[in-house]
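Worksheet for the structure shown next.
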Amino acid sequence: MMRYHSFSIYSFFVIVMCSVLLPYTFFANEVSPSTHIANTGNYEVNQTFKHLLSEHQIVAIGDIHGSSAPTELLINALSDRDIFESVDVIVTEFGNSHYQPELDDYLLNPNTKVSLQELEPLWQDSIYFMAWQYKHYRHFVQKLRLLNASSNHKVRIALAEPELKWEGLSKEQWQSLTKTRIVNYEKTVKQIAEQNDKAILLFGAMHTLKQPVSLKRGEALNEFVPFISKLKDLNIATVWTHFSTSTIPDISTPTLVLLNKKSELNSPLSSVSARFADGTNQKLSDVADAYYYPGPLDRHAPVPSHIKRDSQWHHEMNRRAAIVDERVSAQIAKQLAEWQAETD
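All residue numbers for the sequence shown refer to our numbering, where the first residue is 24 and numbers rise by one.
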């Protein structure tokens, strides 16, 4: 009788442990060991991020194409359980919204059959496909899936880019999409706000500024109106990511600090980035609420090896670049030559 009782307890223990561990093993098989969940984010950075979320419905992180620093800030923040459970949705500039159902399935369904590689068209079929080829965007989606799998609370991603198909797309249609995408960004964020969702935005840094600014393009000056600057009725905080290859003396990395008129980091915009026009009276605190300093800017983030080796995709990149303009064609040709040299 005693032997039977002991066996029953042991069997029950095995069954329970299998039920707990097997779902995690399913996710771990797809994600490399380096992507394990750990609350490794700098404590002080996350405390400041929590403050921003407590004071605002929406926090916008300024992304920098080619740099993994903004997504690392986001991953570290979400790895804090308090932050994760307070957030409902991440709204991204990256990603053709045609693939929203597949992304939802991947992130929210523990029994999904959608793999990360099957989500590749989400990035590759976007308007500015050149900007989203980096590994850290895939890594961010992987991490969010793991975080969702480990919690009853789920955080989704809302793709703000309008649906499009590259097949048969003309230059005029592409140019039109570059304008209508901004309207879709605004619409998506407004819908999130109306649903009273707590949200984090991940958009190119210039899109997240809270006032119109003058930008340099060669010798010309262009007045740029960020879409965030048109959403004044919404409670949004903006995080500016360090946009320079220079270091900031006497500041540890990473650091996230609130900006105000007296802040040491509250510099004139022209000294923050060479993209801003000289002579402007605007300071950083006029257009952003916090400054994220991960160290000097590095815009050489790695691209997944399968993308570098995909000759069919390279042919498609050249075809699309010809639709966009000569400048992009030259950039793509240079990029493909570099990949070819690496893989030979």
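The beta carbon of each residue, even a glycine, is placed where N, CA and C say it ideally should be.
What does the Cβ neighbour count give for residue i, buried or exposed, with the cut at 16 atoms within 10 Å?
| i | result |
| --- | --- |
| R104 | exposed |
| Q198 | exposed |
| L244 | exposed |
| H329 | exposed |
| Y66 | exposed |
| H176 | exposed |
| K188 | exposed |
| Q196 | exposed |
Output yes or no for whether 8 Å exceeds the beta carbon distance between residue i and residue j.
| i | j | result |
| --- | --- | --- |
| A260 | A313 | yes |
| L307 | L282 | yes |
| F107 | V164 | no |
| D220 | D111 | yes |
| N171 | L145 | no |
| I84 | L97 | yes |
| T231 | I251 | yes |
| W263 | A311 | yes |
| L76 | S109 | yes |
| I153 | Q354 | Note that residue 153 is Met in the sequence shown, not Ile. Closer than 8 Å, so yes. |
| A344 | S334 | no |
| Q147 | W336 | yes |
Within its chain, find whatever has a CB closer than 6 Å to the CB of residue i; leave out the 5 residues flanking it on each side and keep chain order.
| i | result |
| --- | --- |
| G318 | T276 |
| G89 | R322 and A324 |
| K357 | none |
Pick from the options: whose alpha carbon is nearest that of residue i?
| i | options | result |
| --- | --- | --- |
| P346 | L200, E143 and D111 | Correcting the residue identity first, residue 346 is Ile in this sequence and not Pro. Per the Cα distances, L200. |
| L225 | N207, E116, L142 and W263 | E116 |
| E209 | L170, E195, K255 and S293 | K255 |
| K158 | S91, T278, F72 and Q354 | S91 |
| S296 | E339, S174, K253 and S237 | S237 |
| E184 | L169, Y122, L130 and N175 | Y122 |
| T71 | L279, Q354, E287 and E339 | L279 |
Quick one: residues in its chain with C-beta nearer than 8 Å to the C-beta of residue i, no 5 flanking neighbours on either side, listed in chain order?
| i | result |
| --- | --- |
| L257 | Q80, I81, V212, K213 and A216 |
| S193 | I346 |
Terminal residues of the continuous beta strand (DSSP E) containing residue i?
| i | result |
| --- | --- |
| N207 | From DSSP, N207 is part of no beta strand (DSSP E) but of the alpha helix (DSSP H) over K194 to E217. |
| D128 | Counting along the chain, D128 falls outside any beta strand (DSSP E), though it belongs to the alpha helix (DSSP H) covering Q123 to L131. |
Note the first and the last residue of the continuous alpha helix (DSSP H) segment covering residue i.
| i | result |
| --- | --- |
| D86 | Looking at the DSSP string, D86 is not in any alpha helix (DSSP H); the run it does join, the beta strand (DSSP E), is I81 to D86. |
| K357 | E349 to T366 |
I'd like the list of long-range same chain contacts for residue i, defined as Cβ closer than 7 Å, with 5 residues on each side in sequence excluded.
| i | result |
| --- | --- |
| L131 | N171, K177 and R179 |
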